[in-house]
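Below: the structure, in structure tokens.
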Amino acid sequence: MEFRPASSLLAAAAAAARHGAAQQRLATTITTSLTATRGHKTTARTKRALKIAPHDSFLPDRSSPFPAADSIIYNPPASESSPSHTPFLFLPSSDPRARLRKPTSASSPPSTSPLPPAMRYPRRSVDEQQQPARQHLSAEQVQEMRRLRAEDPLTWSVGALARKFGCSAVFVQIAAPAGPAHKAWLEEQKQKREARWGNKKTAAREDRKRRAELMYRGEL
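Right, here's the structure in full:
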């Protein structure tokens with residue numbers, strides 16, 4: 001039995017490992033090179049197949065000397081166009097579409113039909129009868145509105161004052177805003193309500209506020 005030193009055995013093992021890595025890289029290169037790609041032959045054949053000559057209707061008339069000053073190329077679409085788009089010059093007199101372009105006689109009475117119902121917007125009204133909101137109030141009415149708002153802001157809310165004086169809710173918020181004490185109470189109620197939120201709802205509201213700030217700054 002032949003004994004070989006340990007150094008030669010380690011060198012042989014390292015050489016075998018390098019040989020295996022080289023074989024693996026070669027196999028990867030061969031696999032990558034065999035990937036199907038379009039070459040110049042198939043590309044040229046596809047371009048020739050897509051190179052279609054224009055239809056004869058798109059070409060000018062070659063019977064007369066070219067260019068002819070009075071030649072008109074008219075290529076109507078394959079589908080029937082509406083009378084508003086088809087030139088009246090190209091419609092024959094027997095075409096029923098030509099009658100649609102003729103103006104009606106002034107003696108014929110216009111046809112009447114009932115109009116659709118008027119649109120009603122509840123957000124612009126002050127009560128269930130859809131009464132229009134009045135935007136002009138006297139100074140005495142504004143003072144009375146402010147007094148009621150200051151005495152009991154819970155009973156005389158924005159909606160209640162808008163219904164009483166027949167104005168919009170926006171006008172009530174401008175003319176008779178809530179006092180500091182009522183605003184502090186509303187903020188406290190808001191904080192108590194938000195304290196019961198979970199992690200998902202809190203994160204969603206923070207993301208919404210952040211998106212709104214980005215939108216107002218023009219960064220979104």
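The opening position of the sequence shown corresponds to residue 1 in the UniProt record's numbering, with each subsequent residue numbered one higher. Glycine is no exception: its CB is placed at the ideal position from the N, C-alpha and C atoms. If you're wondering where the values come from, they're calculated on a predicted model, not measured in any experiment.
Closest by C-alpha distance to residue i, when choosing among the options
i, options, result
"Phe171", "Ala14, Leu137, Leu59, Glu219", "Leu137"
"Pro54", "Thr42, Asn75, Glu144, Arg18", "Asn75"
"Phe58", "Ser94, Ile72, Arg97, Pro96", "Ile72"
Residue i versus residue j - alpha carbon distance
i, j, result
"Pro180", "Pro114", "54 Å"
"Ser79", "Arg205", "54 Å"
"Gln191", "Pro153", "19 Å"
"Pro92", "Arg99", "10 Å"
"Ala212", "Met119", "32 Å"
"Glu188", "Gln141", "31 Å"
"Ala15", "Gln23", "12 Å"
"Arg48", "Thr42", "10 Å"
"Pro117", "Leu214", "42 Å"
"Lys184", "Gly218", "Looking at the sequence shown, residue 184 is not Lys but Ala. Cα-Cα distance, rounded: 32 Å."
"residue 256", "Leu186", "This structure cannot settle anything about residue 256, because the visible part of the chain is limited to 1 through 220."
"Ser111", "Lys209", "55 Å"
"Arg18", "Arg25", "11 Å"
Contacts around residue i, its chain only, beta-carbon distance under 7 Å, and the 5 residues preceding and following it disregarded
i, result
"Ile174", "none"
"Arg193", "none"
"Arg147", "none"
Same chain, Cβ closer than 6 Å to residue i, five either side skipped, listed in chain order
i, result
"Leu161", "Met145, Val172"
"Glu128", "Caution applies to Glu128, whose pLDDT of 46 falls short of 50 and renders its modelled position unreliable; the model cannot decide the point."
"Ala178", "Pro153"
"Arg149", "Trp156, Ala176"
Spatial neighbours of residue i in its chain, beta-carbon cut-off 8 Å, leaving aside the 5 residues before and after
i, result
"Gly159", "Ala169"
"Leu220", "Arg211, Leu214"
Kindly confirm or deny that the segment 192-212 and the segment 157-168 touch, where touching means at least three C-beta pairs closer than 8 Å. no
To test your reading of the DSSP string, which unbroken alpha helix (DSSP H) runs of 4 or more residues are found completely within the segment 134-168? 139-151, 158-165
Next item on the list: Please specify which runs of the beta strand (DSSP E), each continuous and at least 3 residues long, are wholly inside the UniProt region "Disordered" (192-220), giving them in chain order.
Entry: none
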